[in-house]
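Number of protein chains: 2
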Amino acid sequence: MNTPDTRTEAATCDVREVLDLVADKWSLYIVSNLSDGPWRFTELKHAVDGISQRMLTVTLRRLQRDGILTCTVHEVMPPNVSYQLTPLGASLLHAAAPLIAWSNGHLTQIAAARTEYDQSLSQSNRTNG
Amino acid sequence: MNTPDTRTEAATCDVREVLDLVADKWSLYIVSNLSDGPWRFTELKHAVDGISQRMLTVTLRRLQRDGILTCTVHEVMPPNVSYQLTPLGASLLHAAAPLIAWSNGHLTQIAAARTEYDQSLSQSNRTNG
DNA sequence: CGGTATCCAGCGGGATACTG
DNA sequence: CAGTATCCCGCTGGATACCG
């Protein structure tokens, strides 16, 4: 068992099965929001901007199934359901934190790269007819 | 300008624009493979198991547009095209490394959580009719 | 060798209406 | 309040054929 060096661990096919956890449209938002503690369904719906009721339910179930969060139902009227990260979920958020930070830090750089690429494309289009 | 504490940076809507870089089916594989240095098209096609010619081209163009990698064309016969990470791409891979490592380390735990969840579902189905 | 072009199936996900 | 159910559109991505 060697200690891994600076070399990045390879992303194998198995990894994608797990990366799909956060590779969909909403999971990382939800997990990120739950870092504070338990949230109720409607609170999440307002916090996660633009999510539909259906996708919130679907995504929560998926994350619950994968052991990322727990769903606690208080059977009162009106119903009270709260979601919070499991230790596994917290560790996922912890692992994703550098990538989230990287995203926040490189938004403008990437936007610039896109603009430059698109412009160089339209330039060559004019040149080549 | 406060120094961020242990609290995870929030994933805002902007972030998804960037996370989409790696949230598709193939990007992270390709970026991960390119950590070694420049690769040619066909080499990548063999390294990234299961990818089609079309998806390799599409994904490489997207990553190139976003400034993650560069495409160098040697106009000889037969054609020789090599791809390699930009500094931006290398920093992306660096930021994604913890998440990739987390995925590798929790494959079994997540599979177990899924099995347990599915079994508890079928149990309650039998109970409730 | 390294692409493009075209066609098409599957599913992610939005809108809407209904329920306990 | 916290969901389900249904419909449907668009995009991702696979298969295949052709090109410089």
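So the protein sequences, as listed, match chains A and B. Note that my numbering has the first sequence beginning at 1, numbered continuously upward. Note that my numbering has the second sequence beginning at 1001, numbered continuously upward. All residues carry an ideal CB built from backbone N, CA and C; glycine is no exception. Please read all numbers here as calculations on a predicted model, not as lab measurements.
Cβ of residue i within 7 angstroms of any chain B Cβ
i, result
"residue 30 of chain A", "no"
"residue 19 of chain A", "yes"
"residue 47 of chain A", "no"
"residue 102 of chain A", "yes"
"residue 65 of chain A", "yes"
"residue 38 of chain A", "no"
"residue 34 of chain A", "no"
For residue j and residue i, believed in contact at Cβ under 8 angstroms, the rounded distance
i, j, result
"residue 1109 of chain B", "residue 117 of chain A", "Residue 1109 of chain B to residue 117 of chain A, Cβ: 40 angstroms. No contact."
"residue 100 of chain A", "residue 1015 of chain B", "6 angstroms"
"residue 1066 of chain B", "residue 1021 of chain B", "6 angstroms"
Best match in the options for proximity to residue i [C-alpha to C-alpha]
i, options, result
"residue 51 of chain A", "A/37, A/104, A/29, A/97", "A/29"
"residue 1083 of chain B", "B/1102, B/1059, B/1096, B/1091", "B/1059"
"residue 39 of chain A", "A/104, A/85, A/97", "A/85"
"residue 1097 of chain B", "B/1024, B/1033, B/1070", "B/1033"
"residue 1027 of chain B", "B/1124, B/1120, B/1061", "B/1061"
"residue 42 of chain A", "A/31, A/57, A/35", "A/57"
Proximity test, Cβ basis, 7 angstroms: residue i and chain A
i, result
"residue 1110 of chain B", "yes"
"residue 1015 of chain B", "yes"
"residue 1085 of chain B", "no"
"residue 1099 of chain B", "yes"
"residue 1136 of chain B", "This structure does not reach residue 1136 of chain B, given that chain B is present from 1001 up to 1129, and the question cannot be answered."
"residue 1090 of chain B", "no"
Burial state of residue i, where buried means 16 or more other Cβ atoms lie within 10 Å
i, result
"residue 1122 of chain B", "exposed"
"residue 1112 of chain B", "exposed"
"residue 76 of chain A", "exposed"
"residue 1073 of chain B", "exposed"
"residue 1054 of chain B", "exposed"
Any non-hydrogen atom of the ligand COA within 6 angstroms of residue i CB
i, result
"residue 1028 of chain B", "The ligand content of the structure shown is nil, which means the ligand COA is not present either."
Problem set entry | Complete beta strand (DSSP E) runs within the segment 78 to 122 of chain A (minimum length 3 residues, chain order) | 80 to 85
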